[in-house]
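*Asks:* For reference, the structure I am asking about is given below.
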Amino acid sequence: MLPERNSLKRIVNRVQNRNRPPNPKSMRGIELPLQYTVTKRGEPFLMHDSGSEDEERILLFSTEENVRYLSASSTSLCDDTFKTAPTQFTQLFTVHGLVSGYPVPLVYALTTRKREETYRSIYKTIIGFAQEKNCSINPSLCMMDFEMANMNAIRSVLPNAQIKGCLFHFSRSIWRGISSSGQTRCYREWGNSTRTCAFMLFDLPFVPVENVAETFDFISEQADVNLDDLIDYVERTYVTGRRGRPPIFPPEVWNVYRATLNDQHRTNNAVEGWHNKFQKLMVVHHPSIWKFIEVLKDEQEDNEQVITQILGGHRQIRPSVPRRYLLSQMRIVEVVRNYATYKANSQMDVYLKAIACHLKYNPPEQDDEEHQDYNRST
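Per our numbering, residue 10 is the first one in the sequence shown, and the count goes up by one each step.
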């Protein structure tokens with residue numbers, strides 16, 4: 010009689026753990042054996058190791074082929090997570106590129122810090138590696154969450170790249186403001202003025218950049234006094250700033266009006282989806298460095314197969330998109346195309362509500378660990 014599935018998993022894990030080196034207790038104890046520096050095909054995988062003596066140690070994993078795909082991509086998408094980082098590190102940071110329009114993870118970084126210098130070092134290393142392989146990294150668009158250190162690093166190292174904050178994270182920031190204001194219950198009540206105001210704020214990115222300030226003023230006039238803190242936060246963080254200081258994230262960073270009309274990426278959801286999948290593959294939070302690299306090598310092998318299928322014209326690898334979602338996106342585009350008509354007829358409330366009707370933003374049950382920009386800024 011065969012053991013149950015969960016019992017088999019435990020047996021496999023015990024065998025794997027016995028075959029792994031002991032998990033180092035400190036950063037200085039991490040010395041990677043050869044099998045942990047190459048892919049399953051035996052190709053170099055450890056792109057860079059800043060060294061065991063580095064207090065802000067960085068490990069970069071990628072392949073020459075990955076970097077060539079990143080070089081060919083005009084769009085870069087990046088994100089980070091804490092849960093899958095090995096015990097000695099703070100985060101797993103990934104850079105994804107588009108292969109025939111399909112987002113694929115191409116560079117993986119383990120870091121002990123999240124400072125601007127951390128990200129600058131990552132990008133400089135990738136660029137330098139690409140130059141050694143006679144290619145260049147020069148994306149026209151970089152999509153990310155609202156992490157100032159990362160944005161500043163991009164501006165420093167890739168000054169020609171347009172930086173875009175993820176629409177989903179913008180919405181999450183508004184939601185945290187509602188939650189911090191104690192208005193969660195009101196928001197969930199259909200027809201409540203708090204809900205109406207929140208939806209209009211969610212949809213502010215769909216207004217042309219040059220009209221954001223006046224549209225925000227219109228929304229502010231509709232807001233109840235119990236949302237004053239939220240309105241103040243959005244104004245100083247995303248719209249006009251305060252007392253001679255520009256906003257932390259100006260409208261050009263989070264606006265999606267042109268992106269919607271041009272059918273460009275508005276969110277980092279595909280990248281977050283990859284991190285969620287990777288977390289499930291890892292099974293545990295904060296694994297040993299050895300388990301992490303083993304799972305990462307499996308994922309790299311899978312990505313190589315996916316890229317081969319993409320370039321071969323296979324369609325089944327692309328996730329199926331529900332018809333209702335496609336219809337919603339088509340209707341959003343149609344509303345945005347008619348923005349000038351709504352504005353000419355003084356129907357900004359109708360425009361914003363029309364976007365909200367099709368965007369269908371669902372607030373999270375609880376906040377993610379990675380994204381605390383509202384609390385940091387208030």
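Glycine included, C-beta positions come from ideal geometry on N, C-alpha and C.
#1: Within 10 angstroms of the Cβ of ASP377, are there 16 or more other Cβ atoms? Answer buried if so, exposed if not.
#2: Going along the chain, which residues of its own chain have a beta-carbon closer than 7 angstroms to the beta-carbon of ARG340, five neighbours each way excluded?
#3: Answer with yes or no whether the minimum CB distance from SER83 to chain C is below 8 angstroms.
#4: Compute the distance between the beta-carbons of THR249 and ALA222, then report whether it is under 8 angstroms.
#5: Using the C-alpha atoms, what's the distance from ILE135 back to PHE227?
#6: From the DSSP output, in three-state form, read off ILE172 for me.
#7: Buried or exposed: where does HIS323 fall if 16 or more other Cβ atoms within 10 Å of its Cβ makes it buried?
#8: Specify the secondary structure class of CYS144 as computed by DSSP and reduced to three states.
#9: DSSP state of PRO214, grouped into three classes?
#10: Taking buried to mean at least 16 other C-beta atoms within 10 Å of its own C-beta, is GLN231 buried or exposed?
#11: Give the secondary structure of HIS295 by DSSP, where H, G and I count as helix, E and B as strand, and everything else as coil.
#12: Excluding five sequence neighbours on each side, which residues of the same chain lie with their C-beta closer than 6 angstroms to the C-beta of GLN309?
#13: By the 10 Å Cβ neighbour count, where 16 or more other Cβ atoms means buried, how is LYS173 classified, buried or exposed?
#14: Leaving out five residues before and five after LYS18 in sequence, what residues of the same chain have Cβ atoms less than 7 angstroms from its Cβ?
#15: Would VAL116 pass as a contact of SER71 if the rule is Cβ separation under 8 angstroms?
#16: Which whole runs of the alpha helix (DSSP H) in the region 248–297 are 4 residues long or more, in chain order?
#17: Return the chain-ordered ranges of every beta strand (DSSP E) run that is complete within the region 31–106 and spans a minimum of 3 residues.
#18: How do the region 283–296 and the region 91–100 stand: do at least 3 beta-carbon pairs fall below 8 angstroms, yes or no?
#19: Taking the alpha carbon of ALA158 as the reference point, which residue from PHE225, ASP89, SER202 and GLN97 has its own alpha carbon closest?
#20: Pick helix, strand or coil for LEU150, following the three-state DSSP scheme.
#21: Could you tell me whether the region 143–160 touches the region 231–242, using the rule of 3 or more Cβ pairs below 8 angstroms?
#22: For GLN192, collect the residues of the same chain with a Cβ closer than 7 angstroms to its Cβ; drop the 5 residues on either side in sequence, then sort them by chain order.
#23: Tell me, which residues are paired with ALA118 by DSSP?
#24: In its own chain, which residues sit with a C-beta less than 8 angstroms from the C-beta of ASP58, not counting the 5 before and 5 after it?
#25: Flag this pair as touching only if the region 128–144 and the region 157–171 have three or more C-beta atom pairs under 8 angstroms; answer yes or no.
#26: The alpha helix (DSSP H) with HIS367 in it runs from where to where?
#27: Taking only the alpha-carbon atoms, compute the straight-line gap between PHE177 and GLN314 and give it to the nearest angstrom.
#28: What does the alpha-carbon distance come out to for the pair ALA81 and ASN143?
#29: Leaving aside the five residues before and after TYR360 along the sequence, list all residues of the same chain whose C-beta is less than 6 angstroms from its C-beta, in chain order.
#30: Drop a sphere of 10 angstroms on the beta-carbon of GLU281, count the other beta-carbons inside from all chains shown, and report buried for 16 or more, exposed for fewer.
*Replies:* If we stick to the structure as given:
#1: Since pLDDT at ASP377 reaches only 49, below the 50 mark, its modelled position is unreliable, and no value is offered.
#2: HIS367
#3: The chain inventory of the structure shown lacks chain C, comprising one protein chain alone.
#4: yes
#5: 45 angstroms
#6: Strand.
#7: exposed
#8: CYS144 falls in the coil class under three-state DSSP.
#9: helix
#10: So GLN231 ends up on the exposed side.
#11: coil
#12: Excluding residues within five positions, the ones whose Cβ falls inside 6 angstroms are THR48.
#13: By the neighbour-count definition (other C-beta atoms within 10 Å, threshold 16), LYS173 is a buried residue.
#14: For LYS18, the predicted structure reports a pLDDT of 49, less than 50, and the residue's modelled location is therefore unreliable. A value from the coordinates is still provided. Same-chain partners within the cutoff: there are none.
#15: yes
#16: 260–263, 266–270 and 278–291
#17: 55–58, 67–70 and 84–90
#18: As far as the Cβ criterion goes, the region 283–296 touches the region 91–100, which means the pair count is three or higher.
#19: ASP89
#20: Strand, per DSSP.
#21: By the Cβ rule, the region 143–160 does not count as touching the region 231–242, because fewer than three pairs are nearer than 8 angstroms.
#22: THR203, ASN235 and LEU236
#23: LEU69 and PHE102
#24: LEU41, ARG66, ILE67, LEU68 and LEU69
#25: yes
#26: Its alpha helix (DSSP H) spans residues 357–368.
#27: 29 angstroms
#28: 12 angstroms
#29: TYR351
#30: buried
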